[in-house]
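Asks:
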Amino acid sequence: MNTTGKPDTPLLDVSDLAVEFRVPSRGSVFSEDSKDIKAVDGVSFSMARGETLGLVGESGCGKSTTGRAVLQLVRPTRGHVVFDEEPIHEFWRKKGQKWVWDHRLLDLRRRMQMIFQDPFASLNPRMTVETILSEPLRNFDVVQGTQRREKIQHLLMTVGMDPRCMRRYPHEFSGGQRQRIGIARALALGPDFIVADEPISALDVSIQAQIMNLLSELREKLGLTLLFIAHDLAAIRHVSDRIAVMYLGRIVELADAQTIVDRPQHPYTQALLSAVPIPDPTREQSRQRTVLSGEMPSPINPPSGCPFHTRCPFSEDRCRTEVPRMRTIDTGHQVACHLVE
Amino acid sequence: MTTRDENILEVCNLRTHFRTDDGLVKAVDGVSFSVKRGETLGIVGESGSGKSVTCLSAMQLVPRPPASHPTGEIYFGNTDLLGLTEHEIEKLRGERLAMIFQDPLTSLNPYLTIARQLTEVLEVHRGATPTAARRTSIEMLERVGIPDAAERIDQYPHQFSGGMRQRVMIAMALLCGPEVLFADEPTTALDVTIQAQILELIKDLQTAIGTAVVLVTHDLGVVAGTTDRVAVMYAGRIVEEGTTAEVFANPQHPYTRGLLESMPRIDTPLQKTLYAIPGLPPDLGNLPTGCPFHPRCGLATDQCRKTYPDSKTVSSTHRASCWEVEANE
Ligand SMILES: Nc1ncnc2c1ncn2[C@@H]1O[C@H](COP(=O)(O)OP(=O)(O)O)[C@@H](O)[C@H]1O
Ligand SMILES: Nc1ncnc2c1ncn2[C@@H]1O[C@H](COP(=O)(O)OP(=O)(O)O)[C@@H](O)[C@H]1O
Ligand SMILES: [Mg+2]
Ligand SMILES: [Mg+2]
């Protein structure tokens, strides 16, 4: 582990993070007609060293964009991302019209990595596993020659693969094995912070458990700090210490994982929880279910006031006009809802 | 055992095999189950276990080639669907048998308005006049929860969100009040809050119309909440089948038990590690001998490695195919 900062400071501190995308309005190719999508709109959270934070919410709510903005894979429009006491959102420079990383961000790549939902999409199909895994090592000139091969063998064993598979190609592996290779690649440079973006969503049920266990094990063994993104609340709860619930570009509730499951306060968290199927017919029959009406609005035209008011069963006048701020209602439990005491 | 009168659908020893470059793929290999009028049967299993091909075989929508003609019998009432000509099955599809898919664009034509697609079904199968067909279609869209149905009916599929397209497809499938609806992972691509809406919708319409539903899913949570009976598939066969209550309360097959234990749940205390079924889902083109689950099974014996287990009776409404199961004849 190459954590250098003080152990009592958070490894990551995100405040008021916002990301806007400029998209052409429907049917128009002129840039003057473009509109801004507020994909992420004022997200704040911090992560202790070694902690796993789960980010949950329905598709399009801004989870991936948050993860990418934290890693500076997309440049935040607003807000601060402080990694190990360094303001990494400032580690950009302008090259002509474009923003590019400066050398400090390039160096940080070793410490900050990402695991993707579709490992196939992130693995070059024409490269062998060995080439895929040696690429980051070569880029950062970490180890050479026979040492490099040993390192790759070690990485493969770390993720539960037979090191002899080095000469094979991604398509020769099942989804779960490909995800293991994706994880090995993320681990190649010995990072201490990883964003795992829906790493199990595309996998079969029996394989999801294998990968969740692997991630928990690695996290403990390597002291990783993990931002775990998923839309499956049951999976998130299983791997996370704390959970942040997102809706339409904002975090609406944040608490430790058990509190989110036992005492959710935001009506959206409550609805999300009540929609999670439970593999027990007796419980399913006796459950009180809040079925939300409608769908999440588009971030191109977000509603005024509370982003959830259009679907909220309890919304009042105030919810339609005033944006609720994140408030701490209990130690470590924050909610953005006007109606929560 | 139930009689054929109660069963709207009875599948006996269905086999659908594909000829591929990698050899013969026995996608469905001796599947038998029945569905009573108005009931919901869940078919659950990992990807590649043959769930879709089972439904597609009944609808005669399996591409031939690469598939060979399915063998066995699929009784729909007293008609064996496998014996029908293309023309005869065509008449049943869309009227008395319907199917919905994970991706609505499988059944919706992107180049035609929703109005064209819905009214055509009614005009062809019911001989409805264009005006009546349009009125009925709008009513159906309203029933499945499309806001402003009278206007939106003239839009194209891509103008609807994923959840709304799913509703449109359900509307189309249910227009003629089918007796059997095959729903192949209808909510897999949707968020849980939308999944809850769609499952509720299917349930409501099913009660109103009396349709029997075959619900294919990989999510045991969905099975628990929506089905009366469940069939667990592994490598092209049903390994366990019974009332949903019995299978969940008393799962017999090691695969069913493994699936149940490997699911993270929000309603039970947290375990440090999840049980994970070891190994990988089987390669259908290259199945092991005996019970195809044996390489992943903690209970496997020499017998399991040699011979496929017969179906054993657990109760009159519950059976499982495993050598380790105590039969209760
Ligand atoms: N590169 C991009 N350009 C334009 N819009 C984008 C881009 N990436 C994401 N978005 C939009 O931002 C919103 C949030 O997307 P995303 O972060 O991918 O959500 P999630 O991961 O929660 O599904 C969505 O409306 C999405 O369409
Ligand atoms: N058109 C096809 N050609 C060749 N093989 C096919 C075809 N369709 C399905 N299969 C094979 O049949 C098996 C079962 O597929 P399917 O019924 O779609 O599984 P499930 O729905 O359970 O995920 C798979 O191994 C798949 O590769
Ligand atoms: Mg995403
Ligand atoms: Mg399928």
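Just so you know, the sequences run in chain order A and B. Heads up, the first sequence stops at 746 in the numbering used here, and the numbers go up one at a time, no gaps. Heads up, the second sequence stops at 495 in the numbering used here, and the numbers go up one at a time, no gaps. Virtual Cβ for every residue (Gly too), placed ideally from N, Cα, C.
If I'm right that A:K443 touches A:P702 with Cβ under 8 Å, what's the distance once you round it to whole angstroms?
Replies: For the purposes of this step, residue 443 of chain A is taken as residue 38 along the first sequence, with counting starting at 1. For the purposes of this step, residue 702 of chain A is taken as residue 297 along the first sequence, with counting starting at 1. The pair is not a contact, with the Cβ atoms about 12 Å apart (cut-off 8 Å).
Asks: Check distances from the C-beta atoms of the stretch 348 to 368 of chain B to those of chain A and list, in chain order, the residues that come in under 8 Å.
Replies: D357, V358, T359, I360, Q361, A362, Q363, E366
Asks: Check whether chain A comes within 8 Å of B:L446, counting only Cβ atoms and requiring the distance to be less than that.
Replies: Here residue 446 of chain B is taken as the residue at index 280 of the second sequence, counted from 1. B:L446 counts as touching chain A.
Asks: Look at the Cβ atom of B:E412, then the Cβ atom of B:P344, and state whether they are nearer than 8 Å.
Replies: On the second sequence, position 246 is the one that residue 412 of chain B refers to. On the second sequence, position 178 is the one that residue 344 of chain B refers to. Not in contact: B:E412 and B:P344 (Cβ atoms no closer than 8 Å).
Asks: For B:E254 and A:P682, I'd like the C-alpha separation in whole angstroms.
Replies: Counting from 1 along the second sequence, the entry for residue 254 of chain B is found at position 88. Counting from 1 along the first sequence, the entry for residue 682 of chain A is found at position 277. About 39 Å.
Asks: Just reading off the beta strand (DSSP E) that B:I174 is part of, what are its end residues?
Replies: Residue 174 of chain B sits at position 8 when you count from the first residue of the second sequence. Where B:I174 is concerned, the enclosing beta strand (DSSP E) stretches over 173 to 186.
Asks: For a contact defined as C-beta to C-beta under 7 Å, what are the partners of B:G329 on chain A?
Replies: Sequence index remark: in the second sequence, residue 329 of chain B carries index 163 (1-based). Per Cβ cutoff of 7 Å: E700.
Asks: Alpha carbon to alpha carbon, what distance is there between B:T393 and A:P686?
Replies: If you number the first sequence from 1, residue 686 of chain A lands on position 281. If you number the second sequence from 1, residue 393 of chain B lands on position 227. Spanning the two alpha carbons is a distance of roughly 9 Å.
Asks: Should B:I404 and B:F199 be called a contact, given that it needs their Cβ atoms to be closer than 8 Å?
Replies: Translated into positions along the second sequence, residue 404 of chain B becomes position 238. Translated into positions along the second sequence, residue 199 of chain B becomes position 33. Going by beta carbons, B:I404 and B:F199 fall inside the 8 Å limit.
Asks: When you compare the stretch 348 to 357 of chain B with the stretch 317 to 324 of chain B, are there three or more beta-carbon pairs, one atom per stretch, that lie closer than 8 Å?
Replies: no
Asks: Per DSSP, what are the beta-bridge partners of A:E491 in this structure?
Replies: As a first step, residue 491 of chain A is located in the first sequence; it is residue number 86 there, counting from the start. DSSP lists A:F488 as partners of A:E491.
Asks: Using only the alpha-carbon positions, how far apart do A:I648 and B:T245 sit?
Replies: Along the first sequence, one-based indexing puts residue 648 of chain A at 243. Along the second sequence, one-based indexing puts residue 245 of chain B at 79. One C-alpha to the other measures close to 54 Å.
Asks: Measuring straight from C-alpha to C-alpha, what distance separates A:S709 and A:T726?
Replies: Numbered from its first residue, the first sequence carries residue 709 of chain A at position 304. Numbered from its first residue, the first sequence carries residue 726 of chain A at position 321. Taking the straight line joining both Cα atoms gives about 6 Å.
Asks: In this structure, what does DSSP give as the bridge partners for A:Y652?
Replies: By 1-based counting over the first sequence, the position of residue 652 of chain A is 247. Its beta-bridge partners are A:R655.
Asks: Flag A:E463 as yes when its Cβ comes closer than 7 Å to any non-hydrogen atom of ligand 3, and as no otherwise.
Replies: Counted from its first residue, the first sequence places residue 463 of chain A at position 58. A:E463 Cβ: outside cutoff for every heavy atom of ligand 3.
Asks: Near ligand 2, which residues have their beta-carbon less than 6 Å from any of its heavy atoms, given in chain order?
Replies: B:F184, B:T186, B:V191, B:A193, B:G211, B:S213, B:G214, B:S215, B:G216, B:K217, B:S218, B:V219, B:P229, B:P232, B:L450
Asks: Find the residues of chain B that neighbour A:Q615, judging by a C-beta separation of less than 7 Å, and give them in chain order.
Replies: Stepping through the first sequence from its first residue, residue 615 of chain A is reached at position 210. Neighbours of A:Q615 on chain B, chain order: A442.
Asks: Evaluate A:G737 with the Cβ neighbour count: other Cβ atoms within 10 Å of its Cβ, from every protein chain shown; 16 or more gives buried, anything less gives exposed.
Replies: In the first sequence, the residue the question calls residue 737 of chain A occupies position 332. A:G737 is exposed by the Cβ-count criterion.
Asks: Using DSSP bridges, identify the partner residues of A:L478.
Replies: Against the first sequence, residue 478 of chain A aligns to sequence position 73. Paired residues: none, contrary to the question.
Asks: Would you check if there are 3 or more beta carbon pairs closer than 8 Å linking the stretch 613 to 620 of chain A to the stretch 565 to 584 of chain A?
Replies: yes
Asks: Can you give the Cα-Cα distance for B:Q283 and B:V310, rounded to whole angstroms?
Replies: Looking up residue 283 of chain B in the second sequence gives position 117. Looking up residue 310 of chain B in the second sequence gives position 144. Roughly 16 Å between the two C-alpha positions.
Asks: So which residues of chain A does B:M429 contact, with C-beta pairs closer than 8 Å?
Replies: Taking the first residue of the second sequence as 1, we reach residue 429 of chain B at position 263. Per Cβ cutoff of 8 Å: V610, A614, A639, P684.
Asks: By the 9 Å beta-carbon criterion, what residues does the stretch 663 to 693 of chain A contribute toward chain B?
Replies: When CB distances to chain B are screened at a threshold of 9 Å, the residues of the stretch 663 to 693 of chain A falling below it are Q663, V666, Y673, A676, L677, L678, S679, A680, V681, P682, I683, P684, D685, P686, T687, R688, E689, Q690, R692, in chain order.
Asks: Hey, out of B:S477, B:I443, B:L436, whose CA is closest to B:N179's CA?
Replies: The residue given as residue 179 of chain B occupies position 13 in the second sequence. Checking every option, the nearest Cα to that of B:N179 belongs to B:S477.
Asks: For B:T479, report the span of its beta strand (DSSP E) as first-last.
Replies: Indexing the second sequence from 1 puts residue 479 of chain B at position 313. It spans 478 to 481 - the beta strand (DSSP E) in which B:T479 sits, taken as one unbroken run.
Asks: Expressed to the nearest angstrom, what Euclidean distance is found between the alpha-carbon atoms of B:T182 and B:T483?
Replies: The count along the second sequence starts at 1 and reaches residue 182 of chain B at position 16. The count along the second sequence starts at 1 and reaches residue 483 of chain B at position 317. Looking at the two C-alpha atoms, the distance is approximately 26 Å.
Asks: Give the interface partners of B:D385 over in chain A, defined as CB-CB distance under 9 Å, in chain order.
Replies: Here residue 385 of chain B corresponds to residue number 219 of the second sequence, with the count starting at 1. Chain A residues near B:D385: V610, P682, P684.
Asks: Report the residue from A:I656, A:E622, A:S420 whose alpha carbon sits nearest the alpha carbon of A:G565.
Replies: Here residue 565 of chain A corresponds to residue number 160 of the first sequence, with the count starting at 1. Measuring from the Cα of A:G565, the nearest candidate turns out to be A:E622.
Asks: Measuring from the CB of A:S469, is there a heavy atom of ligand 3 at a distance below 7 Å?
Replies: On the first sequence, position 64 is the one that residue 469 of chain A refers to. The answer is yes for A:S469.
Asks: At a CB-CB cut-off below 8 Å, which residues of chain A make contact with B:D433?
Replies: Taking the first residue of the second sequence as position 1, residue 433 of chain B is located at position 267. Those are I683, D685, R688, listed as they occur along chain A.
Asks: According to DSSP, is B:A264 part of a helix, a strand, or is it coil?
Replies: By 1-based counting over the second sequence, the position of residue 264 of chain B is 98. Three-state result, B:A264: strand.
Asks: Decide if the stretch 200 to 213 of chain B is in contact with the stretch 689 to 701 of chain A; the criterion is three or more beta carbon pairs, one per stretch, under 8 Å apart.
Replies: no
Asks: Flag A:F426 as yes when its Cβ comes closer than 7 Å to any non-hydrogen atom of ligand 1, and as no otherwise.
Replies: Locating residue 426 of chain A in the first sequence gives position 21, where the first residue counts as 1. Within the chosen limit of 7 Å, ligand 1 reaches the beta carbon of A:F426 through at least one heavy atom.
Asks: Can B:V194 and B:G211 be called in contact, C-beta distance under 8 Å?
Replies: If you number the second sequence from 1, residue 194 of chain B lands on position 28. If you number the second sequence from 1, residue 211 of chain B lands on position 45. Taking 8 Å as the Cβ cut-off, B:V194 and B:G211 do not qualify as a contacting pair.
Asks: What are the residues of the stretch 198 to 220 of chain B that lie near chain A, defined by any Cβ-Cβ distance shorter than 7 Å?
Replies: E212, S213
Asks: Counting Cβ pairs closer than 8 Å, one from the stretch 673 to 682 of chain A and one from the stretch 374 to 392 of chain B, do we hit at least three?
Replies: yes
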